[in-house]
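Reading through the structure tokens given below for one structure.
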Amino acid sequence: MPPRKRKASKDSDSDDSGDSAFENSEAKAKPSQTKTKAKATAKAAPRKKRAAASDSKPTTDSNDAKTESTETDSKDPVTTTTTSTATATATATAKQKKSPAKKPPSTRNPALVTDSANDAPTDFRRRAEATNKWIGVHASAAGGAANAVHYALKVGAESFALFLGSQRQWERPPLTEEAVATFKKTAEEASFNKAHILPHGSYLINLGNPDAERRKKSLEAFVEDVSRCNRLGIELYNFHPGSTVGECTPEESIKLIAQAMNETIARVPNVILVVENMAGQGNVIGGKFQQLRDIIDLIDDKSRVGICLDTCHAFAAGYDIRTAEKFDAVMKEFDQVVGLQYLKAMHINDSMTDFKSGKDRHDHIGKGKIGIEAFRFIMNDDRFNGMPLILETPEDPKNEIALYRKEVAMLYSLVDTKEGDPVD
Numbered sequence: 003m004p005p006r007k008r009k010a011s012k013d014s015d016s017d018d019s020g021d022s023a024f025e026n027s028e029a030k031a032k033p034s035q036t037k038t039k040a041k042a043t044a045k046a047a048p049r050k051k052r053a054a055a056s057d058s059k060p061t062t063d064s065n066d067a068k069t070e071s072t073e074t075d076s077k078d079p080v081t082t083t084t085t086s087t088a089t090a091t092a093t094a095t096a097k098q099k100k101s102p103a104k105k106p107p108s109t110r111n112p113a114l115v116t117d118s119a120n121d122a123p124t125d126f127r128r129r130a131e132a133t134n135k136w137i138g139v140h141a142s143a144a145g146g147a148a149n150a151v152h153y154a155l156k157v158g159a160e161s162f163a164l165f166l167g168s169q170r171q172w173e174r175p176p177l178t179e180e181a182v183a184t185f186k187k188t189a190e191e192a193s194f195n196k197a198h199i200l201p202h203g204s205y206l207i208n209l210g211n212p213d214a215e216r217r218k219k220s221l222e223a224f225v226e227d228v229s230r231c232n233r234l235g236i237e238l239y240n241f242h243p244g245s246t247v248g249e250c251t252p253e254e255s256i257k258l259i260a261q262a263m264n265e266t267i268a269r270v271p272n273v274i275l276v277v278e279n280m281a282g283q284g285n286v287i288g289g290k291f292q293q294l295r296d297i298i299d300l301i302d303d304k305s306r307v308g309i310c311l312d313t314c315h316a317f318a319a320g321y322d323i324r325t326a327e328k329f330d331a332v333m334k335e336f337d338q339v340v341g342l343q344y345l346k347a348m349h350i351n352d353s354m355t356d357f358k359s360g361k362d363r364h365d366h367i368g369k370g371k372i373g374i375e376a377f378r379f380i381m382n383d384d385r386f387n388g389m390p391l392i393l394e395t396p397e398d399p400k401n402e403i404a405l406y407r408k409e410v411a412m413l414y415s416l417v418d419t420k421e422g423d424p425v426d
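Each residue of the sequence shown is one higher than the last, beginning at 3 in the working numbering.
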């Protein structure tokens with residue numbers, strides 16, 4: 003189904019650029035070039051088992067399912083009759099034998115997560131640890147950043163993305179110290195690795211706009227977002243690089259983007275600025291690997307820059323990833339041009355549009371023009387280990403949680419288990 007349509011703000015650069023990336027964006031150490039596989043723990047530190055937190059409850063969120071009881075009594079009530087006590091006891095015993103056994107308790111804390119009725123697994127921790135593939139989703143943070151953690155837990159995600167405020171409004175409420183403390187506590191109780199949390203920047207921000215006033219507004223919003231990441235203890239911040247809006251050359255726009263990134267790095271510590279590759283639409287920067295490299299070349303502190311590779315965007319921009327052989331060739335090109343050490347995250351999406359379409363239209367995994375083999379390749383290639391692999395597939399307002407669960411389960415089912423224990 004098509005993704006939810008998004009309205010552009012009057013102040014958005016989309017109004018003067020006409021670029022689909024700003025009008026219909028989807029919500030939501032350089033290794034050797036040999037084929038030697040990295041160890042499974044190369045990029046992710048061991049993670050503790052999720053701790054109980056019976057006093058931690060999600061803030062009310064209209065997108066969240068209502069909390070259900072996690073345990074039911076399998077015993078039928080014994081009806082009082084005029085029969086003897088022995089007969090009543092025998093009847094109750096017989097009914098108990100017919101009753102199904104209780105399910106073992108979930109490893110997730112019922113105070114943090116509520117399971118809805120569907121057949122998809124809800125806890126993928128063992129799979130993530132066995133494969134070092136940290137599949138996640140773009141989580142709703144409606145009502146507060148901590149609610150994104152609750153949303154991710156409902157899906158069974160092992161990583162997640164979120165917006166740090168409205169992605170379609172310049173003005174937003176301040177991030178309070180109480181909200182910061184609640185987010186940190188909730189994420190810690192759920193034992194999410196902070197390296198697996200990938201906030202997404204506002205769609206209004208365009209660091210490549212040559213208009214001084216608009217660019218200043220974008221820069222301040224950008225700095226505010228990155229500052230929020232730092233306060234929340236989040237290491238990564240993912241964003242769309244920007245657009246020329248038809249008013250300057252790509253080279254000039256790239257310089258403006260890098261200048262804004264350098265200024266932000268100087269003002270806010272710790273956070274890695276993760277540039278997303280784009281679909282090659284119109285005046286938008288980032289459709290080609292060389293443009294990503296050009297941005298990196300202009301960054302003063304290269305330890306503070308990274309790349310998020312979006313599969314739909316890459317395919318639409320002209321990088322054929324439909325087979326393992328072609329995907330491998332694309333990744334070798336990425337390593338040669340950009341450098342694998344800069345790959346910090348991925349957006350996992352199929353494409354509604356054809357190869358090299360230049361259109362940003364996400365589809366469900368295996369349902370689009372890319373096909374399932376590309377995602378099988380991702381799940382079995384060590385170059386994608388240890389990083390957040392975020393689903394940004396189209397939303398289903400009626401059953402969003404269940405749909406995401408099934409896609410996460412399906413991705414883990416693609417892991418080749420011939421050389422080890424099955425990941426079930």
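For each residue, glycine too, the CB sits at the ideal point set by N, CA and C.
query                                                                                                                                                      : result
State the DSSP-derived secondary structure class of M280, mapped to helix, strand or coil.                                                                 : coil
Between D78 and I309, what straight-line distance do the alpha-carbon atoms span, to the nearest angstrom?                                                 : Legend: pLDDT at D78 = 37, less than 50; position of this residue unreliable, value from coordinates given subsequently. Straight-line Cα distance between these residues: approximately 57 Å.
Assuming A143 and L164 are in contact, meaning their beta carbons sit under 8 Å apart, how far apart are those beta carbons, in whole angstroms?           : 4 Å
Per DSSP, what kind of secondary structure is K45 in: helix, strand or coil?                                                                               : Unreliable positioning characterises K45 in this predicted model, as indicated by a pLDDT of 45, which lies under 50. The coordinate reading is nonetheless provided below. Of the three classes helix, strand and coil, the one that applies to K45 here is coil, per DSSP.
Among residues of its own chain, excluding the 5 on either side of L238, which ones have a beta-carbon nearer than 8 Å to its beta-carbon?                 : A197, I199, L200, P201, C231, V273, I274, V276, G308, K346, A347 and P390
Which residue comes first and which comes last in the alpha helix (DSSP H) that contains M263?                                                             : P252 to R269
When every heavy atom of the ligand GTP is checked, does at least one fall within less than 7 Å of the C-beta of P243?                                     : Ligands displayed in this structure: none; no statement on the ligand GTP is therefore possible.
Taking only the alpha-carbon atoms, compute the straight-line gap between G158 and S204 and give it to the nearest angstrom.                               : 26 Å
If you reduce the DSSP assignment to three classes, tell me which class A347 lands in.                                                                     : strand
So, using beta-carbon positions, are K369 and T355 closer together than 8 Å?                                                                               : no
Would you mind giving the Cβ-Cβ distance between N208 and S245, rounded to the nearest angstrom? I have them listed as a contact below 8 Å.                : 6 Å
Which residues share a DSSP beta bridge with W136?                                                                                                         : P390
Based on Cα-Cα distance, which residue from K218, R217, N240 and K219 lies nearest to V228?                                                                : N240
By alpha-carbon positions, which one of F126, V410, F224 and L155 ends up nearest to Q171?                                                                 : F224
Could you pull out every residue in the same chain whose Cβ sits closer than 7 Å to the Cβ of S259, ignoring the five residues on either side in sequence? : Inspection of the sequence shows that residue 259 is occupied by Ile rather than by Ser. Within the same chain, I259 has close Cβ partners L209, G210, P243, G244, I287 and I297.
Run through DSSP, which three-state label would H202 get?                                                                                                  : strand
Quick check: the Cα distance between E215 and G289, rounded to an integer number of angstroms?                                                             : 26 Å
Kindly identify the DSSP beta-bridge partner or partners of Y239.                                                                                          : L275
Could you check the C-alpha separation between S305 and Q283 for me, to the nearest Å?                                                                     : 29 Å
I need the boundaries of the alpha helix (DSSP H) containing S161, first residue and last residue.                                                         : Run containing S161: none in the alpha helix (DSSP H); it sits in the beta strand (DSSP E), S161 to F165.
Hey, is the region 381–395 in contact with the region 130–145, meaning 3+ C-beta pairs nearer than 8 Å?                                                    : yes
Who are the near neighbours of L405 in its chain, counting only those whose CB is closer than 6 Å to its CB and skipping five residues on each side?       : D398
Check each candidate in I301, R127, L311 and E409 and name the one with the smallest Cα separation from D365.                                              : E409
What is the rounded straight-line gap between the Cα of H349 and the Cα of I392?                                                                           : 5 Å
Within the continuous alpha helix (DSSP H) that includes L221, where are the two ends?                                                                     : A214 to L234
Do G146 and A181 have their CB atoms nearer than 8 Å?                                                                                                      : yes
Are the beta-carbon atoms belonging to F185 and L234 less than 8 Å from one another?                                                                       : yes
When burial is assigned at 16 or more other CB atoms within 10 Å of the CB, is D418 buried or exposed?                                                     : exposed
Compute the beta-carbon to beta-carbon distance between Q293 and P252, rounded to the nearest angstrom, for a pair I have assumed lies under 8 Å.          : 7 Å
Of all the options I374, E375, D352 and D322, which has the alpha carbon lying nearest to the alpha carbon of K358?                                        : D322
Taking just the CA atoms, how far does A319 sit from V339?                                                                                                 : 16 Å
Please return the same chain residues whose Cβ sits closer than 6 Å to the Cβ of C314, not counting the five positions on each side in sequence.           : N351, S353 and H364
With distance defined between alpha-carbon atoms, name the residue in M263, M412, K257 and G248 nearest to E222.                                           : M263
How many whole angstroms separate the CB atoms of F194 and V247, which I take to be in contact at a CB cut-off of 8 Å?                                     : Going by Cβ atoms, the distance from F194 to V247 rounds to 37 Å, so no, they are not a contact pair.
M381 and L342 - do their beta-carbons sit closer together than 8 Å?                                                                                        : no
Pick out whichever of R217, D302, D383 and F126 has its Cα sitting closest to the Cα of D330.                                                              : D383
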